[in-house]
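Residue numbers (the numbering used here), protein chains in the order written: chain F, 18 to 389; chain B, 18 to 389.
Only one structure is covered here, and it is reproduced in the block below.
There are 2 protein chains.
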Amino acid sequence: MNQEFVVTPYVVSGEVDYDVLIERFGTKRIDEDLLARIAKYGPLHHMLRRQVFYSHRDLEWVLDEYEKGNGFSLYTGRGPSGPIHLGHIMPWIFSKYLQDTFRATLWFQLTDDEKFMFYDHLSLEDTKRWGYDNALDIIALGFDPKLTNIFLDTEYIKTMYPTAIKAAKKINFSTIRAVFGFDNSNNIGSIFFTSIQTVPCFLESMERKKKVACLIPCGIDQDPHFRITRDIAEGLGYYKPALIHAKLMPSLGGSEKMSTSASADATIFTTDDKKTVKRKVMNAFTGGRVSVEEQRKLGGNPEICSVHAYNMFLFEPDDDKLAKLYSDCKSGKILCGECKQLLLDKVWKYLEEHQRKREKAKDVIEDFFVRD
Amino acid sequence: MNQEFVVTPYVVSGEVDYDVLIERFGTKRIDEDLLARIAKYGPLHHMLRRQVFYSHRDLEWVLDEYEKGNGFSLYTGRGPSGPIHLGHIMPWIFSKYLQDTFRATLWFQLTDDEKFMFYDHLSLEDTKRWGYDNALDIIALGFDPKLTNIFLDTEYIKTMYPTAIKAAKKINFSTIRAVFGFDNSNNIGSIFFTSIQTVPCFLESMERKKKVACLIPCGIDQDPHFRITRDIAEGLGYYKPALIHAKLMPSLGGSEKMSTSASADATIFTTDDKKTVKRKVMNAFTGGRVSVEEQRKLGGNPEICSVHAYNMFLFEPDDDKLAKLYSDCKSGKILCGECKQLLLDKVWKYLEEHQRKREKAKDVIEDFFVRD
C-alpha cells in the first residue's frame, strides 16, 4: 500500500490512495446503508453512486437533524486565484444537488484574503477581481438565489471577524504546524487564515441565532481546515461541522488533482473556446496502447485514463453508458480517438451552455452576494 | 549598567534603564536642539521638558513635513481590558498637547480584539464593553471631536482588514518570535495581531488618498510593534510611522510600570472615589527614612519616590514648584505625610474634574467614534 503521498489543503503530491486517506484522516466511508438513506430523498447523484464523494464526517447526524425538521446549511468555497476549471465545478455541481434535494442554504465563501496571502504573484485587487469572475461560474451552475449567499472574505469580514478571533484564540501555532506543515517562514496572515475559513460553518447559526448543523461538501484535501474547526466548534457554542469528501478530479495529463498550475493543456477552463477544448481533449492522457493493432488485441486501460475519469466524474451520468464505454475500452472495441471525440462532444455541449448561463449570471450576481 | 530588564509590548520586568533601552531599541534621544525646534510651536509640555517623552524615531522628519504644510496624523491606542488608571492617561494627555499644538488628526485605536485574544479571562463582549467605557476617559481629556477618530478594531475591521492582510503577508513567524518572544504555544490570533496594530499608521493616508506622515506617541514598551510596521510601510506604499516614546509611569508601589495587575492600591483609577484615592496616596511608596528624626537629619530620596514621580509625570507642571518639592525633600524640610497630602489634593482635584467630564462625555461619544 502506497503511503508516500501527501494531501493537505496546500500540497497534494504522490499517487493518492483514497482508502489509506480515510484511515489517515480518520473519516468514515460512505457505505451502502448511508447511500440507501440518502436515496430516500431523491435519486442518488452519480457522484455518490460512483464514490466520487466517498468519505464523510457525521453525515448520518446531519440527516438526523434534517429528519427532525432542524435542517442544515451547506458551506463550500473557492480560493479565487484564477479562472475556473472543470475540477473546481465538480464538487459545486454536487453542492447544488444537495441544495436541491434538501432545500439547504448554501454559504459560498470566496477567500480573496487567503489567495492573496498565499500567492506572491497575486495582489488583493487581483484575487477580489477573480472572486467576482469566479462567482459567475458558481451562479451559472443554477444555485437558488433564495438559498445561496456568496461572499468575499474582505467584504464580509465585519460579520466574520469576531467569530474568527474567537476561533483563533483556541488554536495555537503548534496545531497549525502539525496540520498544515507550516514553519517559521510562513507569513502571519497564512497562519491566521484557518480562523477565517472556520467561520462560514457557523454563519447560518449566527444568522438564525440558534445552533444549526452545517455540511461541507469539499475535496478531501480540504479536510484538515475543518478538523481544526471541529475541535473548537463546541467550545464556541456551535455544532461541529459535518463533511462529505470528494476524491480529487484528475487532470487531462493524468495527474491526481487538476490544477491551474498544471500544464495549461491538462486543464479545461470554463471559458475555453471550442478549438481550445478540442485540442485539450484530443491531447488527453489515456490508457491506450502504443498502436491501434495492440489496442484492438489487448484493450485499453480505463483505470488510468483521464478521458474515462472525465466521464466518470462529470460527463457520463448514465451508469449503463459509462459501463459500456468501460467494457468497450477493455475489449478493444473502442479506440482512444473515438472515445475522446465522444467526450469532446459532451464537454463542449456542456461548456457552450455553461458559457451562456455565465453571461446571464452577470445580470443577477447581486441576487447572490451578501456583504457586511 | 543594568542589562537584565525586559521590555516588550507584553512584558516589562526588571529595573528599566531608559538609556540602555535607547541603545537596545536603536531609537534617538530627544535632544536640546529638537526640543528647541518643538518649542517654536508653543510652550514645551512638561513631559518634554522633563524627558518623560525622551526618545523618538524620525520626529525631525515629521516636523519637516509639518513645516512643508503636509501635516501629519497622530496614532495612539488602548487595549481595553479594564478600567483606566493614571498611567494610561499620561501619554494621552501628551497626545492632546500634540493635537492642540499641530492641529493633527488623531486616530485612537481600541484593540478589543487584542485584549480578548491575549487574556483568557476576558470575552470579546468584555473587551468591547471596556472599549466604550475607556472611550469616556479619552474624550474627557478634551480631544477635539473634529480632529479625533476613535474606533474599536471589531467595528472598523472592514476598513482595516485589507491593509492588515497586506501587512501580514510581509511578516513571517520568525520575525514575531524574535520581536515579541512568542513561541509555538501562542494562539494564531495573537500571532496575527501586529498586522492589525499596523494599520492605523496608514488610516490618514488611506482616507486622504495620499501619503501622510504619522506620529505615534506611546510608551517605549510599544516600540517593537512599530519597528515591524516601519520595516514594511514603504513596501505597502506608505511612509514609515514616526514615534515619540515615553518612559513608563511607575505605580504607587514603586514598581517600574503602573499596571492594573499590580496590587490594587498601587494604581489610581480614574473612577476611584475620594476615600479610595486618599488611601492609595497615603499608602504610597516613598523615598522617606525610617523615622521623622532621621528624615529631618538626612533628607528623603525623591529619586525612588512614587509621590515625586506622580508630581513629575503629571501633577506638578510647574518646574519651580517641582524643584522646590525636590529640594525640600532632600533637605528634610518636608516629610512624606505632608508631601502625600499635597499630591492627594492635586490628584483629587484633577479626578473630580475628570469624572465630571467623563460623565459629560457620554453625551458626545458618537461625535468621536468612526465605524465601517
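Quick reminder that beta carbons are idealized off the backbone N, C-alpha and C, glycines included.
Exposed or buried, which one is residue i when buried takes at least 16 other CB atoms within 10 Å?
i              : result
residue 82(B)  : buried
residue 221(F) : buried
residue 364(B) : buried
residue 225(B) : exposed
residue 331(F) : buried
residue 172(B) : buried
residue 255(B) : buried
residue 52(B)  : exposed
residue 333(F) : buried
residue 195(F) : exposed
residue 375(F) : buried
Using DSSP with H/G/I as helix, E/B as strand and the rest coil, what is residue i?
i              : result
residue 18(B)  : Residue confidence for residue 18(B) is low, a pLDDT of 48 falling below 50, so the modelled location carries little weight; the figure read from the coordinates is stated next. Residue 18(B) falls in the coil class under three-state DSSP.
residue 322(B) : coil
residue 330(F) : helix
residue 269(F) : coil
residue 354(F) : helix
residue 23(B)  : strand
residue 234(B) : strand
residue 226(F) : coil
residue 307(B) : coil
Ordered along the chain, which non-local residues of its own chain (more than five positions away) have a Cβ less than 6 Å from that of residue i?
i              : result
residue 127(B) : 95, 97, 148, 169
residue 162(B) : 384, 385
residue 347(B) : 316
Do residue j and residue i have their beta-carbon atoms positioned less than 8 Å apart in this structure?
i              : j              : result
residue 257(B) : residue 69(B)  : no
residue 290(F) : residue 262(F) : no
residue 62(B)  : residue 285(B) : no
residue 191(F) : residue 206(B) : no
residue 182(B) : residue 167(B) : no
residue 30(B)  : residue 22(B)  : yes
residue 232(F) : residue 125(F) : no
residue 75(B)  : residue 259(B) : yes
residue 242(F) : residue 26(F)  : yes
residue 203(B) : residue 201(F) : no
residue 180(B) : residue 389(B) : no
residue 351(B) : residue 339(B) : no
residue 87(B)  : residue 309(B) : no
residue 174(F) : residue 193(B) : no
Work out the CA separation of residue j and residue i for me, nearest whole Å.
i              : j              : result
residue 294(B) : residue 361(B) : 7 Å
residue 302(F) : residue 288(F) : 22 Å
residue 353(B) : residue 305(B) : 6 Å
residue 252(F) : residue 215(B) : 30 Å
residue 152(F) : residue 373(B) : 55 Å
residue 268(B) : residue 281(B) : 10 Å
residue 56(B)  : residue 80(B)  : 12 Å
residue 4(F)   : residue 100(F) : Any question about residue 4(F) goes unanswered here, given that chain F covers just 18 to 389.
residue 78(B)  : residue 119(B) : 14 Å
residue 283(B) : residue 327(B) : 12 Å
residue 248(F) : residue 144(F) : 30 Å
residue 270(B) : residue 28(B)  : 18 Å
residue 359(F) : residue 85(F)  : 45 Å
residue 108(F) : residue 137(F) : 27 Å
residue 24(F)  : residue 64(F)  : 21 Å
residue 198(F) : residue 106(F) : 27 Å
residue 115(B) : residue 355(B) : 34 Å
If I measure Cβ to Cβ from residue i and keep anything under 7 Å in the same chain, skipping five residues before and after, which residues do I get?
i              : result
residue 112(B) : 91, 93, 123, 234
residue 139(F) : 98, 132, 133
residue 209(F) : 185
residue 46(F)  : 39, 71, 72
residue 67(F)  : 329
residue 320(B) : 304
residue 18(B)  : The predicted position of residue 18(B) is uncertain, since its pLDDT is 48 and thus under 50; no value can be drawn from it.
residue 378(B) : 153, 156, 157
residue 135(F) : 207
Which same chain residues, not among the five before or five after residue i, have their C-beta less than 8 Å away from its C-beta?
i              : result
residue 349(F) : 312, 313, 314, 315, 316, 317
residue 357(F) : 298, 299, 301, 303, 324
residue 141(B) : 129, 130, 133, 171
residue 218(B) : 92, 231, 233, 243, 246, 250, 255, 258
residue 381(F) : 156, 162
residue 296(B) : 282
Report yes or no: is there a C-beta of chain D within less than 8 Å of the C-beta of residue i?
i              : result
residue 190(F) : Checking the listed chains, one finds no chain D in this structure; the protein chains it contains are F and B.
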